[in-house]
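Residues 341 to 569 (the working numbering) are what the sequence shown spells out, left to right.
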Amino acid sequence: MNQSIETLSPRVLLAADLNSDGLLNILGTPGNDLITVTGEQEQLNVNVNGENSQFNANQVQIIRIRSFRGDDMIQLINVNLPSRIMAAGGKDSIIGGDGPDRIFGGEGDDSIMGGAGRDSIRGEDGDDSIHGDGGSDFLHGGKGLDLIFGGAGHDAMFGTAGADTLYGGPGDDRLLGGGGNDLLVGGIGRDQLLGGGGNDRLRIRPDDLDVSGDGGANTVKNQPLAELA
Numbered sequence: 341m342n343q344s345i346e347t348l349s350p351r352v353l354l355a356a357d358l359n360s361d362g363l364l365n366i367l368g369t370p371g372n373d374l375i376t377v378t379g380e381q382e383q384l385n386v387n388v389n390g391e392n393s394q395f396n397a398n399q400v401q402i403i404r405i406r407s408f409r410g411d412d413m414i415q416l417i418n419v420n421l422p423s424r425i426m427a428a429g430g431k432d433s434i435i436g437g438d439g440p441d442r443i444f445g446g447e448g449d450d451s452i453m454g455g456a457g458r459d460s461i462r463g464e465d466g467d468d469s470i471h472g473d474g475g476s477d478f479l480h481g482g483k484g485l486d487l488i489f490g491g492a493g494h495d496a497m498f499g500t501a502g503a504d505t506l507y508g509g510p511g512d513d514r515l516l517g518g519g520g521n522d523l524l525v526g527g528i529g530r531d532q533l534l535g536g537g538g539n540d541r542l543r544i545r546p547d548d549l550d551v552s553g554d555g556g557a558n559t560v561k562n563q564p565l566a567e568l569a
């Protein structure tokens, strides 16, 4: 009996792929990645570790980026589309675009900046530095000793069990320290500050709406406007 064996070529996973629903899916590698998405007129240029791909921006509804373990750099430049960025372990640096971004830092000490849109950022595990930048943002530090800047806009900012530092910036912000010995600074605007458990320091202005240490030996200091600008 004659038999034939067909050898199949190994499947090649594309670094960037656009499906029929308008989802632009971008994958990193297990190593250290450099992922850049750049908007140029009606085109999106995607570069993953030197591998370039181009897509018609009018066909893209949302950008999804997933990186794996490694110290990754992910950035969106001149992009106003919604994005979902999911990092994993490693010390990652993430810069969102001008659209509404949802960013997850994963494990590791990450640096995350949201961009101009209305963003949702979760630092997750590690000692993270989170900047909301423009827009009214949701910022959650997660586990670790986190540094959170709201930036311009009406932001909601949350620490957790660690000793976190939260700066509201311009806008009517809500700051919740959570457990740990936290520093909360309201900034310009009518802010709400809640220290949570721990010995917290709250720096406020006279027009802040609601201020509470909520347990612990807390210090509330009225700061001049110039110091909180």
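Where a beta carbon is used, it is the ideal one built from N, C-alpha and C, also for glycine. Note that the structure is predicted; figures quoted are calculated from it, not measured.
Where does residue i land, buried or exposed, given buried means 16+ other C-beta within 10 angstroms?
i	result
Ser360	exposed
Gly390	exposed
Leu358	buried
Pro546	exposed
Val551	buried
Gly484	buried
Gly572	No information on residue 572 is available, as it lies outside the stretch 341 to 569 that the chain covers here.
Gly362	exposed
Ser344	With a pLDDT of 47 at Ser344, under the threshold of 50, the modelled position of that residue is not reliable, and no figure is offered here.
Ala356	buried
Gln656	Residue 656 lies beyond the residue range present for the chain, which begins at 341 and ends at 569; the question has no answer from this structure.
His480	buried
Thr347	Reliability of the predicted coordinates at Thr347 is poor, the pLDDT of 45 falling under 50, and no value is obtained from them.
Would you list the residues sitting across from residue i in a DSSP beta bridge?
i	result
Val388	Ile375 and Glu391
Gln381	Paired residues: none, contrary to the question.
Thr505	Leu487 and Leu523
Asn365	Asp357 and Arg404
His471	Met453 and Phe489
Ala496	Phe478 and Arg514
Asn396	Gln383
Asp441	Ser423
Arg462	Phe444 and His480
Throw me the rounded Cβ distance for the residue i and residue j pair, which I believe falls under 8 Å.
i	j	result
Gly491	Asp465	Going by Cβ atoms, the distance from Gly491 to Asp465 rounds to 23 Å, so no, they are not a contact pair.
Gly368	Ser407	4 Å
Gly477	Asp504	Here residue 477 turns out to be Asp, not Gly, going by the sequence shown. Their Cβ separation, rounded to whole angstroms, is 16 Å, which puts Asp477 and Asp504 out of contact at 8 Å.
Ile366	Ile403	7 Å
Gly508	Gly526	5 Å
Ile443	Gly454	7 Å
Asp467	Gly410	Contact doesn't hold; Cβ gap of about 18 Å is too wide.
Gly499	Leu516	7 Å
Gly520	Gly493	That pair is no contact at about 25 Å.
Glu382	Asn392	Actually they are not in contact, since the Cβ atoms of Glu382 and Asn392 sit about 17 Å apart, beyond 8 Å.
Starting from the N-terminal side, write out each stretch of the beta strand (DSSP E) that is 3 residues or longer and does not extend beyond the stretch 402-428. Look at the stretch 402-428 and you find these whole runs of beta strand (DSSP E), each 3 residues long or longer: 402-406, 413-417 and 423-426.
Three Cβ pairs or more, each shorter than 8 Å: is that satisfied between the stretch 426-436 and the stretch 444-452? Between the stretch 426-436 and the stretch 444-452 there are three or more C-beta pairs closer than 8 Å, enough to call the two in contact.
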